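**Student:** Following this message is one structure expressed as structure tokens.
2 protein chains.
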Amino acid sequence: MKKLINSPENVVREALEGIVYAHSDLVRVHYDPNYIVRADAPVQNKVGVISGGGSGHEPMHGGFVGMGMLDAACPGAVFTSPTPDQMLEATKAVNGGKGVLHIVKNYTGDVLNFEMAADLARAEGIDVEAVVIDDDVAVKDSLYTAGRRGVGATVLAEKLTGAAAEAGRSLAEVTDICKKANGWGRSMGMALTSCAVPHVGKPTFDLPEDQMEIGIGIHGEPGRVRMDLKSADEITEMLMDPIITDLPYKAGDEVLLFVNGMGGTPLIELYVVYRKAYEIATKSGLKVVRNLVGSYITSLEMAGTSITMLKMDEDMLKLWDAPVKTAALRWGV
Amino acid sequence: MKKLINSPENVVREALEGIVYAHSDLVRVHYDPNYIVRADAPVQNKVGVISGGGSGHEPMHGGFVGMGMLDAACPGAVFTSPTPDQMLEATKAVNGGKGVLHIVKNYTGDVLNFEMAADLARAEGIDVEAVVIDDDVAVKDSLYTAGRRGVGATVLAEKLTGAAAEAGRSLAEVTDICKKANGWGRSMGMALTSCAVPHVGKPTFDLPEDQMEIGIGIHGEPGRVRMDLKSADEITEMLMDPIITDLPYKAGDEVLLFVNGMGGTPLIELYVVYRKAYEIATKSGLKVVRNLVGSYITSLEMAGTSITMLKMDEDMLKLWDAPVKTAALRWGV
């Protein structure tokens, strides 16, 4: 697998240096331990919101640091949890006296390390809450995970909690928004091709030219089933049906529909998928009131897509529409 | 090559339907002939700005339709010029009485068809100017092109002219901005892997696992040289050197640095490239005052990158920073 890198050991560090050169108006980067933090952190009297996880899912999470979204992001090595000291230092760097929320995707390493960091931060007198995101309906218990995996709902939770924090809400209120975004969000993904971890240098899994994997994880973990490639419409049905029936979403619900690219999928294909996903949602009586189409939570160069649906209420709509100024999501400012 | 589509014949139409479902607050879509137009078109007493070209380069151009950028985009079949009737209808749809600018990438079909559309529109009493973008320093005369190809500078020209039009400038003034963006912009690209046109169903070219192509076009047209894969830093040098020496840019110039993904390249790799490109520009005495990092002019699922540099002056900086509200580029609103 060919990559635009210099060496597997340096890819995260060099990408962070690129981020500094590109976005110093938005963020600062701290090295060793690595974290990306809002240029104006800590914002006094605002709840700090941080997340983190393995690298290789860009723009998540570093691309979401900025006004109205994350205060900091902790990038681990590729597909590897960040360490507790990264999370602890990031927590301290964003603590504006009103507490800090950790948004944690449900992977064993991430959960353990964020728990340790939260304990350490509390020992230093910082009020920390944590919400574990586990929105992937594809599988229970998987490589790297006990329970469901955390995927696309993470992006939406980061936007909503970031807006709530920006609006001056308390740590308990911001935490509640995050729990709601997880509780009301469901996702499922699929892959046409494998990703390849730089230091491994070969595809994570083999997928024959006529096959696809439904229910794949964002690290190339196995999904529900491998089968012959089908049409975009059939694939979209195979993702939407489990999502809709799981919550269950019901006729009359207002939803945000998020069609995500896995990193190697052209945008034109994502709109073909969005078309069918929208039609399925609408035929099910759901009202698609907001959407997001693009590659926001990726798995390196994996070709494929994931769909996330999030039930919305009045308050969440207001938080979604609130201004945001990050490298990857920006509006209203 | 596996794709998330239903059939090669329907991919453009279905993607357009997806765009309607996703972005009806920003755009309307007209079918047969196909064009994407601002929801509020025609805007009276504003110069209309339109572009178009083959599909497969998304988000260009349809993702750039909206306030502060394009008034309309004409998508052809994949990698195929739109027809004169598409351009003519789009021109009429955006004509607010102040004339219409056609931004044309330098490919033979696009140039001929836009010329024909301009003649037809003038015959109907619409004032039309056209600017041909030919910023690719890689090759002179190529498959599909006499002279240099139009690539990344197109995105920047669309932003700048759109802002100029929004500010109420005349057709002559908006045209001048476009000429300046082309005259002061230079680009070069490279590929790690081939794209595959849907109705062909196989890669456009063969590139062995240890090779890359420098100077590639956005349709997979041949570049300058094929060689063994090198490091990201070496590749970035091979792209930046011809760009810098071509204008030539000189010490003290203020520039916008645009690192673009070809469609199948993960964002983390684009930041590794941006890091080196920024360092080369800075070492050359250039001042990088604005940037863009992401996949904005793509070649389906091709893995690779292109770099565009644009010399900026005070006026262009103001136009770049002006509010824009499109599916793919948005700030200030």
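Top to bottom, those sequences are chains A and B.
Going by the numbering used here, the first sequence opens with residue 1, and the numbers climb by one from there.
Going by the numbering used here, the second sequence opens with residue 1001, and the numbers climb by one from there.
The beta-carbon is built from N, C-alpha and C at its ideal position, and this holds for glycine as well.
Just so you know, these numbers come straight off a predicted model, no measurement behind them.
1) Under a three-way DSSP split, which group does Lys1276 of chain B fall into?
2) Give me the subset of the region 1266 to 1281 of chain B whose CB atoms are less than 7 Å from a CB atom of chain A, sorted by chain position.
3) Please tell me whether Ala163 of chain A has its Cβ less than 8 Å away from any Cβ of chain B.
4) Bridge partners for Asp136 of chain A per DSSP, in chain order?
5) By how many angstroms is the C-alpha of Val197 of chain A removed from the C-alpha of Leu1317 of chain B?
6) Between Thr204 of chain A and chain B, is there a C-beta pair that is closer than 8 Å?
7) Anything in chain A within Cβ reach of Asp1233 of chain B, meaning under 8 Å, just list it in chain order.
8) Within 10 angstroms of the Cβ of Tyr144 of chain A, are there 16 or more other Cβ atoms? Answer buried if so, exposed if not.
9) To which residues does DSSP link Phe1258 of chain B through a beta bridge?
10) Which value, in whole angstroms, describes the spacing of the CA atoms of Glu1301 of chain B and Ala121 of chain A?
11) Check distances from the C-beta atoms of the region 1295 to 1326 of chain B to those of chain A and list, in chain order, the residues that come in under 7 Å.
12) Taking three-plus beta-carbon pairs below 8 Å as touching, is the region 1092 to 1101 of chain B in contact with the region 1127 to 1141 of chain B?
13) Output, in chain order, the set of chain A residues within a Cβ distance shorter than 8 Å of Leu1070 of chain B.
14) Provide the residue span of the alpha helix (DSSP H) that contains Arg1122 of chain B, from first to last.
15) Just checking my contact of Met1060 of chain B with Thr1326 of chain B at CB under 8 Å: how many whole Å lie between their CB atoms?
16) Closest Cβ-Cβ distance between Pro84 of chain A and chain B: below 8 Å?
17) Whose Cβ in chain B lies nearer than 7 Å to the Cβ of Arg330 of chain A?
18) What residues of chain B sit near Pro59 of chain A, judged by a beta carbon separation below 8 Å?
19) Quick check on DSSP: helix, strand or coil for Gly1152 of chain B?
20) What number of angstroms, rounded off, separates the C-alpha of Pro1042 of chain B from the C-alpha of Gly1048 of chain B?
21) For a contact meaning CB atoms closer than 8 Å, what does Thr193 of chain A contact in chain B?
22) How far does the beta strand (DSSP E) with Tyr1030 of chain B in it reach, from first residue to last?
23) Between the C-alpha atoms of Pro1266 of chain B and Ala39 of chain A, what's the straight-line distance to the nearest angstrom?
24) Rounding to the nearest angstrom, what Cα-Cα distance links Leu1329 of chain B and Phe1064 of chain B in this structure?
25) Mapping DSSP to helix, strand and coil, what is Tyr1249 of chain B?
26) Who are Gln1211 of chain B's beta bridge partners in DSSP?
27) If you draw a straight line from the C-alpha of Ser1170 of chain B to the C-alpha of Lys1046 of chain B, how long is it?
28) Give a yes or no on contact between the region 237 to 252 of chain A and the region 158 to 166 of chain A, applying the rule of three or more CB pairs nearer than 8 Å.
29) Quick one: grab the DSSP three-state call for Gly1062 of chain B.
30) Could you give the first and the last residue of the continuous alpha helix (DSSP H) run that contains Gly1018 of chain B?
31) For Trp320 of chain A and Asp253 of chain A, what's the separation of their Cα atoms in angstroms?
32) The beta strand (DSSP E) with Pro1075 of chain B in it runs from where to where?
33) Confirm, please, whether the CB-CB distance from Gly1018 of chain B to Tyr296 of chain A is below 8 Å.
34) Which of the three DSSP states is assigned to Val174 of chain A in this structure?
35) Residues bridged to Leu101 of chain A by DSSP?
**Tutor:** Checking against the coordinates, here is how it stands:
1) helix
2) Pro1266, Leu1267, Ile1268, Glu1269, Tyr1271, Val1272, Val1273, Tyr1274, Arg1275 and Tyr1278
3) no
4) A:Ser187
5) 39 Å
6) no
7) Asn6
8) buried
9) B:Leu1292 and B:Thr1308
10) 44 Å
11) Thr1298, Leu1300, Glu1301, Ala1303 and Thr1305
12) yes
13) Residues of chain A passing the Cβ test: none, with the nearest at roughly 16 Å.
14) Thr1108 to Ala1123
15) Actually they do not touch by this definition, with Cβ atoms about 11 Å apart.
16) no
17) Arg1330 and Trp1331
18) Leu1267
19) coil
20) 8 Å
21) Lys1002
22) Residue identity check: residue 1030 of chain B is His in the sequence provided, not Tyr. Taken as a continuous stretch (DSSP letters only), the beta strand (DSSP E) holding His1030 of chain B covers Val1027 to His1030.
23) 25 Å
24) 7 Å
25) coil
26) B:Asp1228
27) 8 Å
28) no
29) helix
30) Val1011 to His1023
31) 16 Å
32) Ala1072 to Val1078
33) no
34) helix
35) A:Val49 and A:Glu129
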